[in-house]
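Heads up, the thing below is written out as structure tokens.
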Amino acid sequence: MRFLIYRWQAYNQTALEDALIQLGHEIDIFTCDIDNPEEDFNFESKLFLYLSENFYDAVISINYFPVIAKSCDKAGCKYISWTCDSPMLTLYTKSVFLSCNYIFVFDKMVFYEFKARGVKNLWYLPLAADTMRNDLILEDISDEDSCYDADVSFVGSLYEKNRYDEMVNMPDYIRGYFDALMNVQMEIYGDNFLERMITDEIEEQLDGRAVTISGNEFIGTPSLIVANTTLGMKLAALERKKILKMVSGKFTNTKVYTKSDTSDIPLLKNMGSVDYIYEMPKVFKKSKINLNITLRNIKSGIPLRIWDILSCGGFVLTNFQPELLDYFKQGEHLVWYESHFDMMNKISYYLEHNDERERIAQAGYQLVKDKHTVKQRVSELLGYLGG
Numbered sequence: 016m017r018f019l020i021y022r023w024q025a026y027n028q029t030a031l032e033d034a035l036i037q038l039g040h041e042i043d044i045f046t047c048d049i050d051n052p053e054e055d056f057n058f059e060s061k062l063f064l065y066l067s068e069n070f071y072d073a074v075i076s077i078n079y080f081p082v083i084a085k086s087c088d089k090a091g092c093k094y095i096s097w098t099c100d101s102p103m104l105t106l107y108t109k110s111v112f113l114s115c116n117y118i119f120v121f122d123k124m125v126f127y128e129f130k131a132r133g134v135k136n137l138w139y140l141p142l143a144a145d146t147m148r149n150d151l152i153l154e155d156i157s158d159e160d161s162c163y164d165a166d167v168s169f170v171g172s173l174y175e176k177n178r179y180d181e182m183v184n185m186p187d188y189i190r191g192y193f194d195a196l197m198n199v200q201m202e203i204y205g206d207n208f209l210e211r212m213i214t215d216e217i218e219e220q221l222d223g224r225a226v227t228i229s230g231n232e233f234i235g236t237p238s239l240i241v242a243n244t245t246l247g248m249k250l251a252a253l254e255r256k257k258i259l260k261m262v263s264g265k266f267t268n269t270k271v272y273t274k275s276d277t278s279d280i281p282l283l284k285n286m287g288s289v290d291y292i293y294e295m296p297k298v299f300k301k302s303k304i305n306l307n308i309t310l311r312n313i314k315s316g317i318p319l320r321i322w323d324i325l326s327c328g329g330f331v332l333t334n335f336q337p338e339l340l341d342y343f344k345q346g347e348h349l350v351w352y353e354s355h356f357d358m359m360n361k362i363s364y365y366l367e368h369n370d371e372r373e374r375i376a377q378a379g380y381q382l383v384k385d386k387h388t389v390k391q392r393v394s395e396l397l398g399y400l401g402g
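Numbering (this note's numbering), first residue to last: 16 to 402.
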């Protein structure tokens, strides 16, 4: 089959393209900046013209873009999207009902929500790992890579710049309510309730809408926007800094790989950002314990970071997510914690039990390599097209 790939700066972009080629398909690449993912006349015109002049079985992108869906619908071409972020606010537009769409979401709760809305061409498809690429990268690991050694490490943003802190005109009573909500949510895993606690009246008190949605295309709610673009990022900042302060305060060789400012966590070793393809696998392999701290915007799904760590033979210690139960066994493939107290105890335990930790990391790697590669996921995805 012949596919046109919309290429942008998605972490798993290369893995998707490689998988299609490995499966024997032909791909072309389309690159063009999108100014507004819901409505961009210049982009839509360019893509429609390109599709009119060339034949493709489908256009494929990581994440969902309404402007691509509308262009494909006009050109009579199928559009395949596979989300890696959740929830995708761009899914909450009228374009999601277009018949050209083949939408794959990695968060099962989002899948159920859109099925209930009547979206027909939508499937649940978890994310996956590129073990083949990471195996090649890790073949060259050497003593010179000792700089990546760590007892505990975390790779990711700390979101210290977020809309919540920028909203200086927020009424004090609403800020107090939101602060209390986030503090409670921070201590609870398995149920993300922020959206349910935000009323239209509260949202109207804020200094403008939390995100711009074009015209009357948006089919979501104000609470969805506030919970995921305003509170979600602020909660991530609070939670990640709290955890890293706790961990670095007890375990001296704790490293974070981020562009974020960590000057307020003096015992934490900030190593700066790392290249996703060439450096990050070494971080995951050389760290005794790799933390995953899932964005609360991901309701039940397994984030890409977990698949990436496992695919490098790294040991994963993660917050609990409901879908972990569908794919992994606790203490056999990875380890999850249910509270910050539980997390600290498990870090202590697995730093002291090297053989058990390494056995779990190896079992997790083997499971992912056998059953959860990007190539396997893409093959499953194409099965819905008869490809």
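We treat Cβ as the ideally placed atom computed from N, Cα and C, and that holds for glycine.
Excluding its 5 nearest sequence neighbours in each direction, Ser238 has C-beta neighbours in its own chain below 6 Å: Glu210, Ile213, listed in chain order. Contact check for Lys256 against Lys270 fails: the beta carbons are separated by 8 Å or more.
A distance below 6 Å between beta-carbons, with the five flanking residues on each side excluded, links Leu137 to the following residues of its chain, in chain order: Ile118, Phe129.
For a cut-off of 8 Å, the C-beta gap from Asn149 to Pro296 is around 5 Å, short enough to register as a contact. Across the structure, Tyr204 and Ile321 are spaced so that their CA atoms are roughly 16 Å apart. Note that the C-beta distance between Asp72 and Glu175 is not below 8 Å. Exposure of Lys135 is indicated by the presence of fewer than 16 other C-beta atoms within 10 angstroms of its C-beta. As DSSP reads the structure, Gln345 sits in a beta bridge with Leu349.
Here the C-alpha atom of Asn78 lies approximately 32 Å from the C-alpha atom of Lys303. Excluding its 5 nearest sequence neighbours in each direction, Lys109 has C-beta neighbours in its own chain below 7 Å: Glu232, Ile234, listed in chain order. Its chain contains no residue whose beta carbon lies nearer than 6 Å to that of Met147 once the 5 sequence neighbours on both sides are disregarded.
Beyond the five residues adjoining it in sequence on each side, Ser263 comes within less than 7 Å, by CB distance, of Thr269, Ile280, Leu282, Leu283 in the same chain, given in chain order. Assignment of beta-bridge partners to Leu306 by DSSP yields Leu332. Rounded to whole angstroms, the Cβ separation of Phe121 and Gly316 is 5 Å, and the two are in contact under 8 Å. Here Val350 is near Ile375, since their CB atoms are less than 8 Å apart.
Bounds of the beta strand (DSSP E) holding Trp138 are 137-139. Pairing Met261 with Asn360, the inter-Cα distance amounts to about 12 Å. Between Asn305 and Gly329 a beta carbon distance of about 5 Å is seen, short of the 8 Å cut, so the two are scored as contacting.
Annotated three-state conformation of Ala242 is helix, per DSSP. The Cβ neighbour count for Cys87, taken over all protein chains shown within 10 Å, is at least 16; the residue is labelled buried.
Taking a contact as a CB-CB distance under 8 Å, the pair Phe112 and Leu259 does not count as one, their CB atoms being some 42 Å apart.
Straight through space, the alpha carbons of Ala143 and Lys390 are spaced by roughly 9 Å.
The C-beta distance from Ser96 to Ser76 rounds to 5 Å, short enough to meet the 8 Å contact threshold.
For Asn360, the enclosing alpha helix (DSSP H) starts and ends at 355-367. With contacts defined as CB atoms closer than 8 Å, Glu347 and Phe335 fail to qualify as a contacting pair. Fully contained in the segment 39-78 are the following alpha helix (DSSP H) runs of length 4 or more, in chain order: 56-68. In the DSSP assignment, Asp166 falls within the beta strand (DSSP E) that extends over 165-170. For Ser394, the enclosing alpha helix (DSSP H) stretches over residues 389-398. By the neighbour-count criterion, in which a residue is buried when 16 or more other Cβ atoms sit within 10 angstroms of its Cβ, Leu64 is exposed.
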